[in-house]
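Using this note's numbering, the first residue of the sequence shown is number 15, and each one after it goes up by one. Glycine residues also receive a C-beta, built at the ideal position from the N, C-alpha and C atoms. To start, the structure itself, in structure tokens.
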Amino acid sequence: MKKTIFTGMATAIVTPMTADGIDYEALGRFLEFQIENGINAIVVMGTTGENATIEYEDQKEVIRFTVEKVNHRVPVIAGTGTNNTAHVLSNTKNACEVGADAVLVVTPYYNKATQNGLYQFFTTIADASRVPVILYNVPSRTGVNLLPATVAKLAEHPNIVAVKEATGNVAQMEEIRVLCGDKIDIYSGEDALTVPMMAMGAKGTISVLSNVVPRECVAMTDACLAQDYKTAAELQLKLLPLTNALFSEVNPIPAKAAVSAMGFGEEHIRLPLTPMEDDHRAVLFAEMRKLGVKV
């Protein structure tokens, strides 16, 4: 049996920034906020962390800082994926060197690899990594879908331990469960599907929503883990308006606006992403206030 990296709720954290670089003071306070509110794992340098526009050396330093700040209180998972295999290998080596507990590797975007290409790509990364690998499937952003049959082949690799399923298709997750059984853990990559996915056997969620309301998100996954799906469903529905507001523009634009309004750094976001539009911002902040978040 492979080791489970975490169960419950992991936050794919934003990266606080200024015009001059990474805001480590705000990042440190934000990490403490997440841990104090019971989060089960931290994902750093994922999509929500703007890894696509952060230089490789800065990525390594953000991961190192996060690992040291968290100090083994929860697992730290580092996003190391790009569409350049050599860069992924280098990023993964860096993440291993600074102490990440696992790496999260997205399917290569734009290249649009075949399923055989995806299999060879992930196998190459898993062979080289000194820490466990979590596959990340998000076709809406990458243009390619890692199919269940390919996940099943990859699940045979001793260093590939989980998949973050962000297709929005519960049926695809079910097929992975049928083909893989307990050979690979599944995490929801869609906040709106946390409860349905966990009801079908997912171990938890890698979340954008928990940047803003970590305690409520943890309560939802705790209820699922206790098989109290009635309570979990009530929480899922309560949080849905905020979830929708956080995806009213492409992630991480709304998440960065929300976290900044909560006091964790400037709302600085790097081009080609731009600050949140005023009408969407008003809805987002209104939903945050309804849940007791001070903005």
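To the nearest angstrom, report how far apart residue i and residue j are at their CA atoms.
i      : j      : result
Tyr38  : Glu50  : 18 angstroms
Glu71  : Arg229 : 32 angstroms
Thr128 : Leu118 : 20 angstroms
Met31  : Thr288 : 14 angstroms
Ala100 : Val165 : 22 angstroms
Leu251 : Arg191 : 25 angstroms
Val297 : Gly306 : 15 angstroms
Ala216 : Val88  : 19 angstroms
Glu263 : Thr181 : 18 angstroms
Ala213 : Ala114 : 29 angstroms
Ala246 : Ser154 : 27 angstroms
Arg144 : Pro172 : 11 angstroms
Glu69  : Lys244 : 44 angstroms
Glu188 : Met211 : 9 angstroms
Val309 : Glu46  : 19 angstroms
Phe20  : Lys126 : 30 angstroms
Ala169 : Leu149 : 10 angstroms
Asp292 : Ser221 : 24 angstroms
Glu280 : Gly131 : 40 angstroms
Lys16  : Val112 : 23 angstroms
Gln186 : Ala116 : 24 angstroms
Where do the N-terminal and C-terminal ends of the alpha helix (DSSP H) with residue i fall, by residue?
i      : result
Glu179 : Here Glu179 belongs to no alpha helix (DSSP H); instead the beta strand (DSSP E) covers 174-179.
Val184 : 184-194
Asp199 : Here Asp199 belongs to no alpha helix (DSSP H); instead the beta strand (DSSP E) covers 199-202.
Ala240 : From DSSP, Ala240 is part of no alpha helix (DSSP H); its letter is neither H nor E.
Thr219 : Here Thr219 belongs to no alpha helix (DSSP H); instead the beta strand (DSSP E) covers 218-221.
Ala206 : From DSSP, Ala206 is part of no alpha helix (DSSP H); its letter is neither H nor E.
Glu301 : 292-304
Thr164 : 162-168
Pop quiz: residue i and residue j are said to be a contact at Cβ under 8 angstroms. What is the actual Cβ separation, rounded to whole angstroms?
i      : j      : result
Asn225 : Val28  : 6 angstroms
Thr121 : Val147 : That pair is no contact at about 13 angstroms.
Met234 : Val209 : 7 angstroms
Asn65  : Gln73  : 6 angstroms
Met26  : Gly63  : The sequence given here places Ala at residue 26; Met does not occur at that position. Right, the Cβ-Cβ distance comes to about 7 angstroms (below 8 angstroms), so this counts as a contact.
Leu249 : Ala237 : 7 angstroms
Ala160 : Val184 : Checking the sequence, you will find Leu at residue 160 rather than Ala. At roughly 16 angstroms, the Cβ-Cβ gap does not stay under 8 angstroms, so Leu160 and Val184 are not in contact.
Ala271 : Arg303 : Not quite, the Cβ-Cβ distance comes to about 14 angstroms (not below 8 angstroms), so this is no contact.
Ala176 : Tyr201 : 6 angstroms
Check whether the Cβ atoms of residue i and residue j lie closer than 8 angstroms to each other.
i      : j      : result
Asn97  : Tyr124 : yes
Cys231 : Met23  : yes
Phe299 : Ala275 : yes
His282 : Ala33  : yes
Val58  : Val76  : yes
Ile91  : Ile56  : yes
Leu285 : Thr257 : no
Ile174 : Phe135 : no
Phe278 : Phe44  : yes
Lys167 : Gly203 : no
Asp242 : Thr18  : no
Thr219 : Asp196 : no
Glu301 : Pro266 : no
Thr106 : Ala142 : yes
Lys83  : Gly42  : yes
State the start and end residues of the unbroken beta strand (DSSP E) segment that holds residue i.
i      : result
Tyr150 : 147-151
Thr331 : The structure shown does not extend to residue 331, since the chain spans only 15 to 309, so no value can be given for it.
Gly22  : 22-26
Ile49  : No beta strand (DSSP E) holds Ile49; the alpha helix (DSSP H) holding it covers 38-50.
Ala92  : 90-93
Ala55  : 55-58
*Please specify which runs of the alpha helix (DSSP H), each continuous and at least 4 residues long, are wholly inside the segment 249-286, giving them in chain order.*
267-275
*Tell me the start and end of each unbroken beta strand (DSSP E) in the segment 100-144 that is at least 3 residues and wholly inside, in chain order.*
Fully enclosed beta strand (DSSP E) runs of 3 or longer: 116-120.
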